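K.L.:
In the numbering used here, the protein residues as written are 68 to 286.
(1) Would you call the region 106 to 115 and the region 163 to 170 in contact, with 3 or more CB pairs under 8 Å?
(2) Which residue marks the beginning of the beta strand (DSSP E) containing residue 91, and which one marks its end?
(3) Leaving out five residues on either side along the sequence, give the residues of the same chain with a beta carbon under 7 Å from the beta carbon of residue 185.
(4) When you compare only the Cα positions, how much space is there between residue 80 and residue 178?
(5) Would DSSP call residue 239 helix, strand or coil?
(6) With H, G and I counted as helix, E and B as strand and the rest as coil, what does DSSP make of residue 26?
(7) Nearest-angstrom Cα distance between residue 223 and residue 210?
(8) Specify, as a first and last residue, the run of the beta strand (DSSP E) that residue 122 falls within.
(9) For residue 202, which of 257, 175, 76 and 119 has the nearest alpha-carbon?
(10) Can you say whether residue 124 is buried or exposed, counting buried as having 16 or more other CB atoms within 10 angstroms of its CB?
(11) In this structure, does DSSP put residue 275 in helix, strand or coil?
(12) Ignore the nearest five residues each way along the sequence and tell me which others in residue 257's own chain have a CB closer than 8 Å to its CB.
(13) Thinking C-alpha only, which one of 234, 107, 243 and 117 is nearest residue 75?
(14) Count the other CB atoms within 10 Å of the CB of residue 268; is the residue buried (16 or more) or exposed (fewer)?
(15) Does DSSP classify residue 187 as helix, strand or coil?
(16) Helix, strand or coil for residue 192 per DSSP?
(17) I need the straight-line Cα distance from residue 248 to residue 217, nearest angstrom please.
(18) Would you mind working out which of 91, 119 and 254 sits nearest residue 72, comparing C-alpha positions?
(19) My output table needs one value for residue 81: the three-state DSSP class, helix, strand or coil.
(20) Would you mind reading off the limits of the alpha helix (DSSP H) that contains residue 66?
(21) For residue 165, write down the residues that DSSP places opposite it in a beta bridge.
(22) Hey, would you say residue 173 sits closer than 8 Å to residue 229, going by beta carbons?
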């Protein structure tokens, strides 16, 4: 905590008055084997006292990795509710500092529920799948983001898949649909080959994620 407050003080010395300063906390720290909600409550209260403007709570891992790692886990409404419960306990002490929650949101209903607890919600990987997600949600065209069938505990694979999708979007093709098991299998195979290649090829080109043109239509 002392380090955080010293950094905050140093920032204040270098920026203009009113410069917005926030901090990100991974809510996995508030799960079993991490700090308890009461400690998180005290942490956020201290951050507010030292004039942090906002705190972002990141959803982090969807399950504790001490659980059965062989069981695939996909995002559910239960996960959305869990993160909101954590956020409610953490931000209940705040009066001035704004709070945001990022991670785990997929349904419009879950996002709306989130705004009853925090000041804003954040999305990340859903945009790699659906670059026009906000427009489609606000227009009522869809009830939520596409749910990937990929194992969400496999951090390396999910991040690599998101990189593949971003490369596809950058090349003006539709990102691969991770709600399809066939697509997930293709991505998994491509990522495995890519990781093997990176292990022996240290060139800049080798570090670019695979480009799966054959699995996407023009954007």
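The C-beta atom is built at its ideal place from N, Cα and C for all residues, glycine as well.
Owing to the predicted nature of the structure, the values given are computational and were not obtained by experimental measurement.
P.N.:
According to the structure shown:
(1) yes
(2) 89 to 93
(3) 154, 158, 166, 167 and 168
(4) 37 Å
(5) coil
(6) In the structure as shown, the chain begins at 68 and stops at 286. Residue 26 is therefore absent and cannot be evaluated.
(7) 28 Å
(8) 121 to 125
(9) 175
(10) buried
(11) coil
(12) 231, 277 and 279
(13) 117
(14) exposed
(15) strand
(16) helix
(17) 8 Å
(18) 119
(19) helix
(20) Because the chain in this structure spans residues 68 to 286, residue 66 falls outside the shown range and cannot be described.
(21) 121
(22) no
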